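The next block holds one structure in the form of structure tokens; read it before the comments.
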Amino acid sequence: MTPTLPDNRIIDCRPSLTGKIAFVTGGIGGIGRECVQTLVAHGAHVAFTYTEGNKPAEEAERLVAENPDQVSAHLLDLRSLTSIQHSMGQAMAHWQRLDILINNAAVGSATVASYASEAAEQDSAMFMINADGTLKVCQTFLALMQHAIKTDPLKIINLSSVGGGIQAFPGFRLSDGMSKAAVAFLTRQLAAELTDTLVDVFAVCPGATNTAMFQASTLSQMTPTQQQAFTASLPKGRLIAPSELASIIVFLASAYSTPLHGAVIDASMGLGVRPGLITERGKE
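Here the working numbering runs 3 ahead of the position in the sequence shown, where the first position is 1.
Listed below in structure tokens is the structure:
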């Protein structure tokens, strides 16, 4: 069945998002938070997840208080299938259905340190959260929605990275890049298996984005002068804003995106096609 689109040629995602239910992992900061706010602005209801701890819980409560009729918060540990099933089950019970899945939650080379102190254990946590966690969230979503009556395609939008998902960068932590490459493969494989269904699958591969994760993994290790030089060497001479990526994700969540089914989108502002901007920096 072809979804109903607006009768004009001006792209307006609101008609196809109003009243839809989105499940966003990692919704209290960075790209995830922007996704929550942008989806709400387009009329969607959002169930977002947060991790254990006082500050995440307090921030989750605050976000729900801002939009109690459109937002719900759910505790999630991506290392646990039980937690994944419980979190998504809670969201289903609250909203009665799910239409959109945005797999945003992940750890990076620096933030993974909060899960383990030893490098080998950190690598295992990276795979468990970024790759295996994303896999199990997708599987749980599809299982829950298997018998749902669908008139419009469900949407699965996975967050990967330009490092691993698109390009290899010398010096990039192996487990980080490998786990993000796994997400890109998962997207293509699911898309291949779901071609004849009312489920659309995509991946977005951001580049250097102004998030706490990128600050921790890259910029915090530099002096102010080095930070300035690094930023100047990036495409367009700046970091990507989380809101820019949220706009792409909201488009993918809308009825307009179906022809892109299976796409692994390079959202690095050009870094994916010209990785030498970073890898050759300082060698001229």
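All C-beta atoms in this analysis are idealised placements derived from N, C-alpha and C, irrespective of residue type, glycine included. Just so we're clear, the structure is a prediction, and the values are computed from it rather than from any experiment.
With a floor of 3 residues, list each beta strand (DSSP E) that falls wholly inside the region 107-191, ordered by position along the chain.
157-162
Go ahead and pull the three-state DSSP assignment for Ile-87.
helix
Since His-77 sits in a beta bridge, which residues does DSSP pair it with?
Thr-52
In three-state terms, what does DSSP make of Thr-212?
strand
Would you identify the three-state DSSP class for Val-253, choosing helix, strand or coil?
helix
When the Cβ atoms of the region 177-192 are set against those of the region 40-48, are three or more pairs found closer than 8 Å?
no
I need the DSSP call for Ile-14, collapsed to helix, strand or coil.
coil
If you run the structure through DSSP and keep just helix, strand and coil, what is Ile-34?
helix
Under a Cβ-count criterion, where at least 16 other Cβ atoms within 10 Å of its own Cβ denotes burial, should Gly-29 be classed as buried or exposed?
buried
Identify, in the order they occur along the chain, each residue of the same chain with its Cβ nearer than 6 Å to the Cβ of Glu-62, setting aside the five sequence neighbours on each side.
Ile-31
Are the Cβ atoms of Phe-205 and Leu-263 separated by less than 8 Å?
yes
On the DSSP bridge assignment, give the partners of Phe-205 in chain order.
Ile-160
Of all the options Trp-98, Ser-90, Glu-69 and Asn-70, which has the alpha carbon lying nearest to the alpha carbon of Leu-79?
Comparing alpha-carbon positions, the option among Trp-98, Ser-90, Glu-69 and Asn-70 lying closest to Leu-79 turns out to be Ser-90.
Measure the C-alpha to C-alpha separation of Ala-109 and Asn-133 and round it to an integer number of angstroms.
5 Å
Go ahead and pull the three-state DSSP assignment for Val-276.
coil
Just how far apart, CA to CA, sit Thr-198 and Thr-190?
Near 12 Å, if we compare the C-alpha coordinates of Thr-190 and Thr-198.
Closest by CA to Ile-251, which one among Val-267, Arg-241, Gly-167 and Gly-240?
Val-267
Taking the straight line between their C-alpha atoms, what separation do you get for Ile-24 and Arg-100?
7 Å
Is the region 202-222 close to the region 251-260, with three or more CB pairs under 8 Å?
yes
So, at 8 Å on beta carbons, what are the nonlocal neighbours of Leu-237 in its own chain, with the 5 sequence-adjacent residues on each side left out?
The beta carbon of Leu-237 sits closer than 8 Å to the beta carbons of Gly-210, Ala-211, Met-272, Leu-274, Leu-280 and Ile-281 from its chain, once the five residues preceding and following it are set aside; these are given in chain order.
Cα separation between Ala-219 and Gly-166?
16 Å
Could you check where the alpha helix (DSSP H) with Ala-25 kicks off and where it finishes?
Careful: Ala-25 lies outside any alpha helix (DSSP H), inside the beta strand (DSSP E) at 24-27.
Within the same chain, show all residues whose beta-carbon is closer than 6 Å to that of Asp-72, passing over the 5 residues directly before and after it, in chain order.
Taken in chain order, the list of residues that qualify is empty.
What does DSSP give as the partner residues of Asp-269 in its beta bridges?
Cys-208
Would you check if the distance between the CB atom of Leu-248 and the CB atom of Ala-215 is smaller than 8 Å?
no
Ordered along the chain, which non-local residues of its own chain (more than five positions away) have a Cβ less than 7 Å from that of Gly-33?
Thr-214, Ala-215, Met-216 and Pro-245
Can you tell me whether Leu-263 is helix, strand or coil according to DSSP?
helix
Thinking just about the alpha-carbon of each residue, which of Arg-65, Thr-114, Glu-121 and Lys-139 is nearest to the one in Ile-87?
Lys-139
If you follow the alpha helix (DSSP H) that Ser-236 is in, where does it begin and where does it stop?
227-236
Which term fits Met-225, buried or exposed, when burial requires 16 or more other beta carbons within 10 angstroms of its beta carbon?
exposed
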